[in-house]
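Protein chains: 2
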Amino acid sequence: MTTRTYNLAVVGYGGMGSYHVDHLLKSNPQIHVKGIFDIKQERNDVALSKGLQVYECLDALLSDKSIHIVLIATPNDVHKEIAIKALKAHKHVVCEKPVTIYARDLEEIMTVAEETGQVFMVHQNRRWDEDFLTVKKIYNEKMTGEIFHIESRVHGANGIPGDWRHLKKNGGGMVLDWGVHLLDQLLFMIHSPVTSVYANLSYVLGDEVDDGFQTYLTFANGITALVEVGTTNFISLPRWYLKGTEGTAIIEDWGLNGKIVKQNKDIISAPKPIKAGQGLTKTMAPPSEEATTMVNLPAASVLSQDFYDNLVSVIEGRTEAIVKNHEVLRVLKLMESIFESAEKNEVIQTSL
Amino acid sequence: MTTRTYNLAVVGYGGMGSYHVDHLLKSNPQIHVKGIFDIKQERNDVALSKGLQVYECLDALLSDKSIHIVLIATPNDVHKEIAIKALKAHKHVVCEKPVTIYARDLEEIMTVAEETGQVFMVHQNRRWDEDFLTVKKIYNEKMTGEIFHIESRVHGANGIPGDWRHLKKNGGGMVLDWGVHLLDQLLFMIHSPVTSVYANLSYVLGDEVDDGFQTYLTFANGITALVEVGTTNFISLPRWYLKGTEGTAIIEDWGLNGKIVKQNKDIISAPKPIKAGQGLTKTMAPPSEEATTMVNLPAASVLSQDFYDNLVSVIEGRTEAIVKNHEVLRVLKLMESIFESAEKNEVIQTSL
Numbered sequence: 059m060t061t062r063t064y065n066l067a068v069v070g071y072g073g074m075g076s077y078h079v080d081h082l083l084k085s086n087p088q089i090h091v092k093g094i095f096d097i098k099q100e101r102n103d104v105a106l107s108k109g110l111q112v113y114e115c116l117d118a119l120l121s122d123k124s125i126h127i128v129l130i131a132t133p134n135d136v137h138k139e140i141a142i143k144a145l146k147a148h149k150h151v152v153c154e155k156p157v158t159i160y161a162r163d164l165e166e167i168m169t170v171a172e173e174t175g176q177v178f179m180v181h182q183n184r185r186w187d188e189d190f191l192t193v194k195k196i197y198n199e200k201m202t203g204e205i206f207h208i209e210s211r212v213h214g215a216n217g218i219p220g221d222w223r224h225l226k227k228n229g230g231g232m233v234l235d236w237g238v239h240l241l242d243q244l245l246f247m248i249h250s251p252v253t254s255v256y257a258n259l260s261y262v263l264g265d266e267v268d269d270g271f272q273t274y275l276t277f278a279n280g281i282t283a284l285v286e287v288g289t290t291n292f293i294s295l296p297r298w299y300l301k302g303t304e305g306t307a308i309i310e311d312w313g314l315n316g317k318i319v320k321q322n323k324d325i326i327s328a329p330k331p332i333k334a335g336q337g338l339t340k341t342m343a344p345p346s347e348e349a350t351t352m353v354n355l356p357a358a359s360v361l362s363q364d365f366y367d368n369l370v371s372v373i374e375g376r377t378e379a380i381v382k383n384h385e386v387l388r389v390l391k392l393m394e395s396i397f398e399s400a401e402k403n404e405v406i407q408t409s410l
Numbered sequence: 059m060t061t062r063t064y065n066l067a068v069v070g071y072g073g074m075g076s077y078h079v080d081h082l083l084k085s086n087p088q089i090h091v092k093g094i095f096d097i098k099q100e101r102n103d104v105a106l107s108k109g110l111q112v113y114e115c116l117d118a119l120l121s122d123k124s125i126h127i128v129l130i131a132t133p134n135d136v137h138k139e140i141a142i143k144a145l146k147a148h149k150h151v152v153c154e155k156p157v158t159i160y161a162r163d164l165e166e167i168m169t170v171a172e173e174t175g176q177v178f179m180v181h182q183n184r185r186w187d188e189d190f191l192t193v194k195k196i197y198n199e200k201m202t203g204e205i206f207h208i209e210s211r212v213h214g215a216n217g218i219p220g221d222w223r224h225l226k227k228n229g230g231g232m233v234l235d236w237g238v239h240l241l242d243q244l245l246f247m248i249h250s251p252v253t254s255v256y257a258n259l260s261y262v263l264g265d266e267v268d269d270g271f272q273t274y275l276t277f278a279n280g281i282t283a284l285v286e287v288g289t290t291n292f293i294s295l296p297r298w299y300l301k302g303t304e305g306t307a308i309i310e311d312w313g314l315n316g317k318i319v320k321q322n323k324d325i326i327s328a329p330k331p332i333k334a335g336q337g338l339t340k341t342m343a344p345p346s347e348e349a350t351t352m353v354n355l356p357a358a359s360v361l362s363q364d365f366y367d368n369l370v371s372v373i374e375g376r377t378e379a380i381v382k383n384h385e386v387l388r389v390l391k392l393m394e395s396i397f398e399s400a401e402k403n404e405v406i407q408t409s410l
């Protein structure tokens, strides 16, 4: 079987655009990065210095018949227009996250993708994160029994990065920037509808967009989740905290420090009361030593392909997409409920 | 000045009743523990072995003219009846928490206390907890700038203790058992009305009462708080987590392990992006080393008197109560909003 090669062009050669070129696409045997389009001269200079072709406008890029795939890594508000143009120019399209700010805009893109028969895939790369895939393993294999509560947090102390991510019109803010990842991970893992959403956005930095949020989700299967992003946290709480019917799991950080503490079911051994503040407590005392067992975190689950290998397989009709557009649409709808809940200070009943 | 002595009798000589006698009252120079009433023979035997008088019924205790103070440490559902009887018998009354299950019951007690001119004080002892008074110090002295978000958690792995605390009719469950403390601490510290409440109760142990909860409070001054109690947590998250405009504080446990990390305001030093999962992030990278300073937790605030010294001073008209009944009433109303929010799965707008 001959292996075909695809030429890719990047629209928006900023931080993420060059991350794709320098890291994600570097070793892919079937995708060749041919050129870029960016509105900034300095980015064009970088591209030229790396031997990439620089297109003078989007239309020039799209009318290059040798380009098969367009990667969109611009600010969020222009994803839709570029995606639809590219699909209509018979390109396959990879789009950075959040794919659009509103669900209806993704629906428009999906319609055009269907009409043109081109592949449209959103780069929800954090489905491949090792911390998440470790959680997925614990969840799927019931390593702490049935998990009934999940907390997923990312805490930073650096505020919102210094560019368009501060601006509402460009789709800035932390719900759209990091929330989209954490929510996508949860919905990818938990196969049950979200039935209600409560959310609180933080505006402590004085930006027009949220600098963080906490949201409380309830799923139809009874699972609850607290999802949080903070950019004003000088001390970080753990990345993951999972409560199951037989134990608790924690992942502290990106370095995968963490553990599982399991209940020893057959051992009934009352805890010794401890002095806690001005009182004694048995309820909040540590369990007796015999009552629990500590185990290491398991090796992470593995997804069948990496993102770009999967893209090529999907283009060639050999497999289905790991990141499906209807899944991405569900996350966008969930983010709309989060914004609605925070704005009204109400619980939003959903059937997502 | 002659120092008067007061005789105290205990109604409900179980775990908390004997804790008062053996610890809290042991060294008080003005209060003498004379006797007890308990419905269990085994508790009467313990009392006799300690040289305490055992009353054969509540009325016998209340008609003992030598008794000045009654301590109520029974299950929660009978506090009101006993309190009102004791006040009408011209006793001063100390009552364990939660004082009543419903706010209207405390209001009845308060009316009788006013009519009879007797002192009624609720033993909200965790206002004296050193971890809380450390937080109060950080909050009041703005050691992390203006605090805008507070998380207060207690996590245990031992379920609900094995007695009436499992039963709804006795006022069991974790909102009433531990929630009352955590909420009382917050309202004692933050002088601003609670404007909205969202809460989610956990019933994972299959009891008829909640085995834990998470509640999200919004205050009129903009502060938000996440208050949580868990009894199925085999790994504990930190007891306190405080976000201020100039830093973050954490208290890990009852042993007061913790720290404050403050922002160095004048130093602008961009963090280095880190590899986090499948992507680079500057937002979630640790701040550069020059950008923050770690400081130790401060010494705790100190309240002017301990609980029973304050009681005596209040009886003698020398000072005001540290635990005021209208404050306790506010906490009961807040707990009612928590139950209402959880039951309806709605945000409850309040003006507490």
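For the record, the sequence lines run as chains A and B.
Count the first sequence with our numbering and you get residues 59 to 410, in order.
Count the second sequence with our numbering and you get residues 59 to 410, in order.
Note that beta-carbon positions come from the ideal geometry of N, C-alpha and C, so glycine has one too.
Residue i by DSSP, collapsed to three states: which one?
i	result
Lys301 (chain B)	strand
Lys155 (chain A)	coil
Ser359 (chain A)	coil
Gly109 (chain A)	coil
Ser260 (chain A)	strand
Gly316 (chain A)	strand
Asn279 (chain B)	coil
Tyr64 (chain A)	strand
Tyr366 (chain A)	helix
Leu129 (chain A)	strand
Met201 (chain A)	strand
Tyr77 (chain B)	helix
What does residue i touch in chain B if you count any residue whose Cβ is under 7 Å from its own?
i	result
Met342 (chain A)	Val212 and Gly214
Val319 (chain A)	Phe292 and Ile293
What residues of chain A sit near residue i, judged by a beta carbon separation below 8 Å?
i	result
Arg101 (chain B)	Under the 8 Å cutoff, chain A gives no residues; its nearest Cβ is about 17 Å from Arg101 (chain B).
Going by other Cβ atoms of all chains shown within 10 Å of its Cβ, with 16 needed for buried, is residue i buried or exposed?
i	result
Met352 (chain B)	exposed
Pro87 (chain B)	exposed
Ala357 (chain B)	exposed
Thr276 (chain B)	buried
Ser210 (chain A)	buried
Ala141 (chain A)	buried
Gly280 (chain A)	exposed
His78 (chain B)	buried
Gln99 (chain A)	exposed
Using only alpha-carbon positions, find the residue among the options that is nearest to residue i.
i	options	result
Gly316 (chain B)	B:Gln176, B:Asn354, B:Ile142 and B:Lys200	B:Asn354
Ile89 (chain A)	A:Gly70, A:Asp103, A:Arg388 and A:Ile127	A:Ile127
Thr282 (chain B)	A:Asn279, A:Thr303, A:Asn258 and A:Asp268	A:Asn258
Gly75 (chain A)	A:Leu129, A:Thr192, A:Leu191 and A:Ser85	A:Leu129
Val287 (chain A)	A:Glu304, A:Asp235, A:Asn228 and A:Ser371	A:Asp235
Leu116 (chain A)	A:Gly70, A:Pro133, A:Asn134 and A:Glu100	A:Gly70
Lys123 (chain B)	B:Glu204, B:Gly305, B:Glu310 and B:Asn65	B:Asn65
His207 (chain A)	B:Val389, B:Phe271 and B:Lys149	B:Phe271
Ser346 (chain A)	A:Val319, A:Phe365, A:Val238 and A:Gln336	A:Val319
Ala343 (chain A)	B:Val91, B:Val252, B:Arg223 and B:Ser294	B:Ser294
Val157 (chain A)	A:Val370, A:Arg62 and A:His239	A:His239
Pro433 (chain A)	B:Ser121, B:Thr132 and B:Glu310	Because chain A in this structure spans residues 59 to 410, residue 433 (chain A) falls outside the shown range and cannot be described.
Pro251 (chain B)	B:Gln407, B:His78, B:Ser85 and B:Gly72	B:Gln407
Leu120 (chain A)	A:Ala105, A:Lys146 and A:Gln363	A:Lys146
Tyr274 (chain A)	A:Gly302, A:Ser399 and A:Ile125	A:Ser399
Gly214 (chain A)	B:Ile125, B:His78, B:Lys138 and B:Thr306	B:Thr306
Asp135 (chain B)	B:Ile159, B:Asp265, B:Val152 and B:Val151	B:Ile159
Met179 (chain B)	B:Cys153, B:Glu348, B:Val405 and B:Gly313	B:Cys153
Starting from the beta carbon of residue i, find every residue of chain B whose beta carbon is closer than 9 Å, and list them in chain order.
i	result
Trp186 (chain A)	Gly335 and Gln336
Gly264 (chain A)	Going along chain B, no residue has its Cβ under 9 Å from Gly264 (chain A), so there is no contact; the nearest lies around 10 Å.
Asn368 (chain A)	Under the 9 Å cutoff, chain B gives no residues; its nearest Cβ is about 13 Å from Asn368 (chain A).
Leu295 (chain A)	Glu209, Leu295, Pro296, Tyr299 and Ile308
Against residue i, what residues of chain A qualify as contacts under a CB-to-CB distance less than 7 Å, listed in chain order?
i	result
Asn291 (chain B)	Lys301 and Thr306
List, in chain order, every chain B residue whose beta-carbon is nearer than 8 Å to that of residue i.
i	result
Asp189 (chain A)	Gly335
| the region 396-410 of chain B: which residues have C-beta closer than 9 Å to a C-beta of chain A, in chain order? | Close to chain A, meaning a Cβ-Cβ distance shorter than 9 Å, are the following residues of the region 396-410 of chain B: Ser399, Lys402, Asn403, Glu404, Val405 and Gln407.
| request: For the region 193-210 of chain B, enumerate the residues whose C-beta is nearer than 7 Å to any C-beta of chain A, in chain order. | output: For the region 193-210 of chain B, the set of residues with a beta-carbon nearer than 7 Å to any beta-carbon of chain A comprises Phe206, in chain order.
| field | Proximal residues, the region 247-281 of chain A versus chain B, C-beta separation under 8 Å | value | Result list: Ser254, Tyr256, Asn258, Ser260, Val262, Gln272, Tyr274 and Thr276.
| query | Taking a cut of 7 Å between CB atoms, which residues from the region 65-83 of chain A lie near chain B? | reply | Of all residues in the region 65-83 of chain A, Tyr77 have a Cβ within less than 7 Å of some Cβ in chain B.
| request: Could you please tell me which residues of the region 158-186 of chain A, in chain order, have their CB closer than 7 Å to any CB of chain B? | output: Residues Asn183, Arg184 and Trp186.
| message | Any C-beta of chain B within less than 9 Å: which residues of the region 222-249 of chain A qualify? | response | Of all residues in the region 222-249 of chain A, those with a C-beta nearer than 9 Å to a C-beta of chain B are Arg223, Met232, Asp235, Trp236 and His239, reading in chain order.
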